[in-house]
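These notes concern the structure reproduced below.
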Amino acid sequence: MASGARLPIALTEAGLSKRTWRRWQTSREDKRVSAVRPSPVNQLSEQEEQQILAVCHQPDYARLPPSQIVPALADKGIYLASESTFYRVLRRHQGEI
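Residue numbering for the sequence shown follows this note's numbering, starting at 1 and increasing by one per position.
Take a look at the structure:
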């Protein structure tokens, strides 16, 4: 811009809208959201995560993927969490054992 480039052309090249550029010019502070958000009501507790990990590390289930563990537990009348939750918990604790 200081070198003489036209604003609309420069914004188009940068992939920015004129409104975004104007907002950046009027307020120089960083306004990204950094608020502490409340945790979801249905979030697993640490105890529930440990229970999932304990089941996954049992010899009967250690070599099975969650897609087979969850139905096997359901056949026994046990429901800990969904298959996708099992995957998330295992991914989060990957390499801890």
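Idealized CB from N, CA, C, for every residue including glycine.
Status (buried if at least 16 other CB within 10 Å, exposed otherwise) for I69: Residue mapping note: residue 69 aligns to position 69 of the sequence shown, counting from 1. Classification of I69: buried, given that the 10 Å Cβ count is 16 or more.
Cβ-based neighbour list, Y98, same chain, cut-off 6 Å, excluding 5 preceding and 5 following: Nothing can be reported for residue 98, as the shown portion of the chain is limited to 1 through 97.
Neighbour flag for A74 against chain B, beta carbons, 8 Å: Of the chains in the structure shown, none is chain B; there is only one protein chain.
Rounded straight-line distance, which links the Cα of A10 to that of K18: Sequence index remark: in the sequence shown, residue 18 carries index 18 (1-based). Sequence index remark: in the sequence shown, residue 10 carries index 10 (1-based). So the two alpha carbons sit approximately 10 Å from each other.
First through last residue of the alpha helix (DSSP H) which encompasses Y79: Within the sequence shown, the letter at position 79 stands for residue 79. Unbroken run through Y79: none, as it is neither H nor E.
Straight-line Cα distance separating V36 from A74: By one-based count along the sequence shown, residue 74 stands at place 74. By one-based count along the sequence shown, residue 36 stands at place 36. Answer to the nearest angstrom: the Cα atoms are 36 Å apart.
Whole-number beta carbon distance between L53 and V89, since they are thought to touch under 8 Å: Position 89 of the sequence shown holds residue 89. Position 53 of the sequence shown holds residue 53. Between L53 and V89 the Cβ distance is about 7 Å, and since that is below 8 Å, they are a contact.
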